[in-house]
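Residue numbers (my numbering): 483 to 703. Glycine residues also receive a C-beta, built at the ideal position from the N, C-alpha and C atoms. Have a look at the structure below before the remarks.
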């Protein structure tokens, strides 16, 4: 079974959209994040940087294992070029028990700190850009439609941005974990909670083993 959440809304410079896919492999939770936006990214507020979610029932004790570029994805703007083996884990973080996020969701995966994620929350991997902490815009997600020749200084001087997808692995799932327990998904853009994102609409349906959650735009403040 795969649970996916996707959605779109309007921001600057226009329509932006994203997708997260949750899958189980043994006792591992595989989380694939993709920026599916159709437009060129010009400003940091349109870089997909975090996903938040909840798990119903007993809480999960998950451990970050790895983070890699998804197939076909590349890194722009890193002066050191592509990460060896596609390993970007050291630029992303995972945390549970969150009580100061953009919604009530208590689990999150992020490339930015947000005063939520710190050095102790990082996935294993090298520090590819900036401090050894989820800090700044670096290694957030651009859409496949992005033109690397454009963007303001926050984009081109970011130290590295991913076009357009990553696969993050967390260990510690209980046996026979039901992915239907995952919900309350929220996509965050930019480096601050105030820059806004997308939140699920109620009434998601489960069909043929795939749960699709339609996401609506949350107004940017």
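(Q) I'd like to confirm the pairing. Which residues does DSSP put opposite residue 505 in its beta bridges? (A) 484, 512
Q: Evaluate residue 497 with the Cβ neighbour count: other Cβ atoms within 10 Å of its Cβ, from every protein chain shown; 16 or more gives buried, anything less gives exposed.
A: exposed
(Q) Considering only the alpha carbon of each residue, which of 486, 508, 571 lies closest to residue 657? (A) 508
Q) Given residue 606, which residues of its chain have a CB within under 6 angstroms of its CB, disregarding the five upstream and five downstream residues? A) 571
Q) Is the stretch 572-592 in contact with the stretch 519-535, if contact means three or more CB pairs nearer than 8 angstroms? A) yes
Q. Between the Cα of residue 523 and the Cα atoms of 627, 667, 600, 647, which residue gives the shortest distance?
A. 627
Q: Examine the Cβ distances between the stretch 509-519 and the stretch 640-649 and report whether three or more of them are shorter than 8 angstroms.
A: yes
Q | Straight-line gap, residue 538 to residue 581 (C-alpha atoms, nearest Å) | A | 16 angstroms
Q) Rounded to a whole number of angstroms, what is the C-alpha to C-alpha distance between residue 642 and residue 653? A) 27 angstroms
Q.
Could you give the first and the last residue of the continuous alpha helix (DSSP H) run that contains residue 637?
A. 635-638
Q | Spatial distance of residue 640 from residue 559 (CA atoms) | A | 7 angstroms
Q.
Among 485, 566, 638, 576, whose alpha-carbon lies nearest the alpha-carbon of residue 544?
A. 576
Q. Considering only residues of the same chain and omitting the five flanking positions on each side of residue 595, which have a CB-CB separation below 6 angstroms?
A. 616, 617
(Q) Here's the rule I'm using: 16 or more other beta-carbon atoms within 10 Å means buried, otherwise exposed. How should residue 546 be labelled? (A) buried
Q) If we ignore side chains and look at the alpha-carbon of each, how far apart do residue 583 and residue 556 end up? A) 29 angstroms
Q. Considering only residues of the same chain and omitting the five flanking positions on each side of residue 630, which have a CB-CB separation below 6 angstroms?
A. 558
Q: Count the other CB atoms, across all protein chains shown, that sit within 10 Å of the CB of residue 579; report buried if there are 16 or more and exposed otherwise.
A: exposed
Q) Taking DSSP as the reference, what is the three-state secondary structure of residue 528? A) helix
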